[in-house]
Amino acid sequence: MMHLADYPQRRYNPLAGEWVLVSPHRTKRPWQGQVEKPTIDKLPEYDETCYLCPGNERAGGVKNPKYDGVFTFPNDFAALLPEAPEESMNEANGLFQAVTERGRCEVLCFSPRHDLTLPRMDLASIEKVVRVWQEKYRTLGSDPHISYVQIFENRGSVMGCSNPHPHGQIWATEHLPDLPAKEDSRQRLYKKEHGSCLLCDYVQQELKKNERIIFQNDSFVALVPFWAVWPYEVMILPKRHFASIDQMTDKEVSDFADALKRMGTRFDNLFLTSFPYSMGFHQKPTKPVQDTEGDAAWHFHVHYFPPLLRSATVRKFMVGFELLAMPQRDITPESAAERLRSLSEVHYMEQQQ
Ligand code: H2U
Ligand code: ZN
């Protein structure tokens, strides 16, 4: 790549249609981490004060069943409601626009064990979580009012996560939200212009270049995207073309569980801490946007957006130029990938036992 390793540059994100400024000259060495002691959070397997543990009471007095496996329930403080009057306003040349938004919010406990996290769960239990995600995508998406099902996990108090009990959320919305909408139109445009799928082509190119790949299994590739904004931003992409999580084969379900476990373990091993992030899936809207090209253009994928920069406590802030102009990063996606690639796939908490 010519002088791109040494000089400031803009990189293009074809999936979102956005640019990021990369300033590699600011970090002469790829790794300037400060070494901190590993955080071993000794959590109990069951916490009587946890609103997600089996048998405990949630806000509003509802009691969780004594579940074993995956447990889902409607969010007691849902941001969206299933019923709302259909109303909209559009005044003064569009200066004041609003429209009611219906939807559903659910919480999904990955495990009855309070002390586990996805990477520390066994593969069979992670597979069960994937099956429930598939089921939720299907059932929530089959509601004619729902256009999009956003599945995600917020991890760590720094990401606003309220509770260490392993859990994720699902928000199903009447309208297609902005980020998936951008990806939807970019992917459909690429399909129209090139006759192929944007992310199928991208995965093939990344495998060929082999500069940003972290690991792969038979069905999935984990990589730091060429256009990553966050220092350790990662994507997991299926090698085969499919548009939504419910289209995974049985083999892909178990390979997906494997990929999530391995990626989560590497993240935790990076700064010897339960690595905070927002992670979620982008996939085909459950209501076609314009035409029926959705399946051909949409390529299911996972985004991880982690805030940490140099250690368990030193994080990146999106401020100043980034808040006012465009995102910027110092360490290159290539060196972030190299660092993630070098890590063990045995979790540090298991290594010390
Ligand atoms: P976090 O992933 O950000 O921690 O969110 C957990 C969700 O759990 C949050 O959206 C919900 C909150 O509204 N919640 C309940 O549904 N019931 C409760 O008793 C407490 C929290
Ligand atoms: Zn708990």
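Residue numbering for the sequence shown follows the working numbering, beginning at 246 and increasing consecutively. All residues carry an ideal CB built from backbone N, CA and C; glycine is no exception. Everything numeric in this text was worked out from a predicted model, so none of it was measured.
If you check the CB distance, A502 and E372 come in under 8 Å.
Residue side-chain check: Q395 keeps its Cβ at 7 Å or more from all non-hydrogen atoms of ligand 1.
In this structure, A542 lies near R433, with their beta-carbon atoms less than 8 Å apart.
Around the beta carbon of R271, fewer than 16 other beta carbons sit within 10 angstroms, so the residue counts as exposed. Going by DSSP, G525 is part of the beta strand (DSSP E) stretching over Y522 to H527. K308 carries a strand assignment under DSSP once its states are collapsed to helix, strand and coil.
Contact between P289 and Y593 does not hold, since the beta-carbon distance rounds to 20 Å and is not under 8 Å. Of all alpha-carbon atoms in V352, K453, T577 and V374, the one lying nearest the alpha-carbon of R303 is that of V352. If only uninterrupted beta strand (DSSP E) runs of at least 3 residues are considered, those enclosed by the region 543-577 are 546-550. Residue selection by CB proximity (closer than 6 Å to any heavy atom of ligand 2) returns D292, C295, L297, C298, H359 and H410 in chain order.
Taking a C-beta distance under 8 Å as the contact criterion, F355 and V374 qualify as a contact pair. In this structure L554 is not in contact with F520, their Cβ atoms being roughly 12 Å apart against a cut-off of 8 Å. Between ligand 1 and C406, a heavy atom-to-CB distance of less than 7 Å is present. Beta-bridge annotation (DSSP): A467 is paired with F460 and I481. In the three-state DSSP reduction, T317 falls in the strand class (E or B).
Beta-bridge analysis with DSSP links W416 to C350 and Q395. Contact annotation, T418 with E346: C-beta distance approximately 6 Å; criterion of less than 8 Å satisfied. Across the structure, V315 and F460 are spaced so that their CA atoms are roughly 27 Å apart. For R303, the CB falls within less than 7 Å of some heavy atom of ligand 1. Distances from the alpha-carbon of R349 to those of H248, E331 and K381 put K381 closest. The region 507-517 makes no contact with the region 482-489, as fewer than three CB pairs between them are under 8 Å. Taking the Cα of E595 as reference, the smallest distance to any Cα among Y393, P364 and L266 is reached at P364.
Under the criterion of beta carbons closer than 8 Å, D500 and F465 qualify as touching, at roughly 6 Å.
In the three-state DSSP reduction, V344 falls in the strand class (E or B). According to the DSSP secondary-structure assignment, M334 is paired through a beta bridge with A343. Assigned with DSSP and collapsed to three states, R400 falls in strand.
Proximity to P299 across T317, S587 and I415 peaks at T317, based on C-alpha coordinates.
Counting of Cβ neighbours within 10 angstroms places P319 among the exposed residues, the total staying below 16. Between ligand 1 and the CB of N309, the shortest heavy atom gap is not smaller than 7 Å. In the DSSP assignment, the residues bridged to N258 are E263. Looking at the DSSP output, E302 shares a beta bridge with K308. Relative to ligand 1, V315 has its C-beta separated by 7 Å or more from all heavy atoms.
Nearest neighbour of L588 by Cα position, chosen from R511, P533 and R574, turns out to be R511. Going by C-alpha positions, P470 is about 43 Å away from K308. Under the three-state reduction of DSSP output, L325 falls in the coil class, being neither helix nor strand.
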